[in-house]
Amino acid sequence: MASERMFNLTSASALFKIKYEKLSENVYNSANVLLGRVKKTYNFTGKELAISIPQSFSGGVGSGTLPKANTAIYGDARITAKKMYAVVEIDRESIKAALSDEGAFVRATKEVVQKGVESFMRNLSRALFNDGTGKLGTSLEVASSDAKAATLAADSDGNIVIPIQDFKEANFEERDLVDIVTSASAASGAVTLSQKEIVAVDLDEANVGDPAHNPTVSIKGVSTTNFEDGSGNLKSAEIFMQGSKDKDPQGLKLLDKSSGSSYGITHGRRWKSVQKAAGGSAISTDMLNEVMLKVKKSSGKSPNLIVCSFKQYEKILNLLEDQKRYTVQTRSGLKSKSGADISFSGVEFMSVDGPVGIFPERFVEDDRIYLLNDNQIHIHHRPDFGWFDDDGTVFLRKADSDAYEARYGGYLECYINPCFHAVISGLSV
1 MASERMFNLT
11 SASALFKIKY
21 EKLSENVYNS
31 ANVLLGRVKK
41 TYNFTGKELA
51 ISIPQSFSGG
61 VGSGTLPKAN
71 TAIYGDARIT
81 AKKMYAVVEI
91 DRESIKAALS
101 DEGAFVRATK
111 EVVQKGVESF
121 MRNLSRALFN
131 DGTGKLGTSL
141 EVASSDAKAA
151 TLAADSDGNI
161 VIPIQDFKEA
171 NFEERDLVDI
181 VTSASAASGA
191 VTLSQKEIVA
201 VDLDEANVGD
211 PAHNPTVSIK
221 GVSTTNFEDG
231 SGNLKSAEIF
241 MQGSKDKDPQ
251 GLKLLDKSSG
261 SSYGITHGRR
271 WKSVQKAAGG
281 SAISTDMLNE
291 VMLKVKKSSG
301 KSPNLIVCSF
311 KQYEKILNLL
321 EDQKRYTVQT
331 RSGLKSKSGA
341 DISFSGVEFM
351 SVDGPVGIFP
361 ERFVEDDRIY
371 LLNDNQIHIH
381 HRPDFGWFDD
391 DGTVFLRKAD
401 SDAYEARYGG
411 YLECYINPCF
421 HAVISGLSV
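So the sequence shown is numbered by this note's numbering: it starts at 1 and just counts up by one.
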């Protein structure tokens, strides 16, 4: 009987997988609207994935005489997998305390498991609305004559308080570990500071909308010389999620591109999004209709999802008098891997092709709105995405610690065909 009660990593791992596979999948499909709507597949094998993109009509046409045939132009999009992980720690004593009751073991790990997967989805959402660089923000660069503080300050615990010039609140969370690439003009020269902890985020809410608005993050384990030049003036430094510099999956910022390339295809007439620079104007139904029709004209399909910042969502709520509820099901009502079906509710915009849901997303910049076709966004996963159990156990013993860790994630890439989407930037906030 004693052996039946003995902790066994194999049996506990099976329980872990059985109990939490559905929970993990549910979190994946409900982390945000876009993640719940985009296509997902789990059969990406081989070194890379090639996707053929038609960029012209084929054949020859004409009247009067038999025309000469010609071939179509095809772009060759190349997809390579990016590595994304979340690691959670499970205290050994908590597991031991629940050996006699399966339910107690589940309760002992549920919070750790759910928060770990939620954190993974938070990071994936961050990447999905970014540019693939992994950058969270850039520290402010000011000269001594600038109206803002010319030097850095330290808080009462000695943590350096860094002002951020392109601040996006969703990108910065307490307890995140970040890498910092400092400026070559800083007193210490260009260096990379690895795995530094964010200990506080200050939104400077009292000065929102004022030129003196100065949101900051406090980071442990750095020195003022990493951010100042020899005269004490603050120089710029880029802040990245730990280990992520230039290693994120592709994100929606590729819709800003009108030159260069994405997935190996040069941006041009048949490989470019519709881009609207609002120039400080307020969002309007006229602007939404204009951009929506441009997408339909260029691609033949209208966007079926509008994702915007909370700032713009508030303006749209005030703009649209006839506010309706709009339910969006996961992948047109199809069941997810776990059998769960997720839906979202939001405001409805009537396009030429019918109603389009409008949803706020905290990873979208305040002055920005995306008009998307979720059928043209596809997350390609390699097989066995989820909890790592290749060694027959989800649990790995931590060195020099009375705990185990479990790893979640895998290898994926986000494929976004820019022709079917639009971005409005520079809106008034």
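Cβ coordinates follow ideal geometry from the N, Cα and C atoms, glycine included.
Just so it is clear, the structure is predicted and the values come from calculations on it, not from any experiment.
- Here D179 is buried: its Cβ has 16 or more other Cβ atoms, across all protein chains shown, within 10 Å.
- In the DSSP assignment, V161 falls within the beta strand (DSSP E) that extends over 160-163.
- In the structure shown, I316 falls within a helical segment according to DSSP collapsed to helix, strand and coil.
- V356 places its beta carbon 9 Å or farther from that of I416.
- Beta-bridge analysis with DSSP links F349 to V356.
- Look at T109 here: in three-state DSSP terms it is helix.
- Judged by DSSP in its simplified three-state form, F240 adopts strand.
- With a cutoff of 9 Å on beta-carbon distance, F388 and Y42 are scored as not near each other.
- In this structure, the beta-carbon distance from N226 to A200 does not fall below 9 Å.
- Under a 10 Å Cβ-count criterion, M350 is classified as exposed, with fewer than 16 other Cβ atoms of the shown protein chains found around its own Cβ.
- Taken atom to atom, the span from the alpha-carbon of D131 to that of G354 is near 31 Å.
- Contact between G251 and G426 does not hold, since their C-beta atoms are separated by about 19 Å, which reaches or exceeds 8 Å.
- For G137, the uninterrupted beta strand (DSSP E) run begins and ends at 135-138, by DSSP.
- Below 8 Å, too few C-beta pairs join the segment 58-68 and the segment 393-407 to call them touching: fewer than three.
- Per DSSP, the unbroken alpha helix (DSSP H) holding K294 starts and ends at 285-299.
- A direct Cα-to-Cα measurement between K82 and S156 gives close to 39 Å.
- Within its own chain, the residues whose Cβ lies closer than 7 Å to the Cβ of L371, once the five positions on either side in sequence are excluded, are V291, M292, V295, P303, I306, H421, A422, listed in chain order.
- Per DSSP, reduced to three states, the secondary structure at V208 is coil, with no helix or strand assignment.
- K220 and K135 have their C-alpha atoms spaced approximately 19 Å apart.
- According to the DSSP assignment, R37 belongs to the alpha helix (DSSP H) that extends over 33-37.
- For the pair V181 and V217, the CB atoms are not nearer than the 9 Å cut-off.
- DSSP, read as helix, strand or coil, puts E228 in strand.
- For R269, the three-state secondary structure derived from DSSP is coil.
- Each residue's CA atom was taken as its position, placing G232 and V274 some 44 Å apart.
- Put simply, of E141, M241, S183 the residue whose alpha carbon is nearest the alpha carbon of F172 is M241.
- In this structure, DSSP gives P418 a helical state, which the three-state scheme calls helix.
- Proximity to V117 across V87, F129, G137 peaks at V87, based on C-alpha coordinates.
- Here S94 is not near T80, since their CB atoms are 9 Å or more apart.
- The beta carbons of V429 and D390 sit about 47 Å from each other, so the pair does not count as a contact at 8 Å.
- Shown here for S262: same chain residues with a beta carbon closer than 6 Å to its own, the five before and five after excluded, namely L254 in chain order.
- Counting every other CB atom within 10 Å of its CB across the protein chains shown gives R175 a total below 16, marking it as exposed.
- In chain order, A282, I283 place their CB closer than 7 Å to the CB of K315, counting only its own chain and leaving out the 5 sequence neighbours on each side.
- Of the residues assessed, D374 falls on the buried side of the cut-off, its CB having 16 or more other CB atoms within 10 angstroms.
- The three-state secondary structure of A127, taken from DSSP, is helix.
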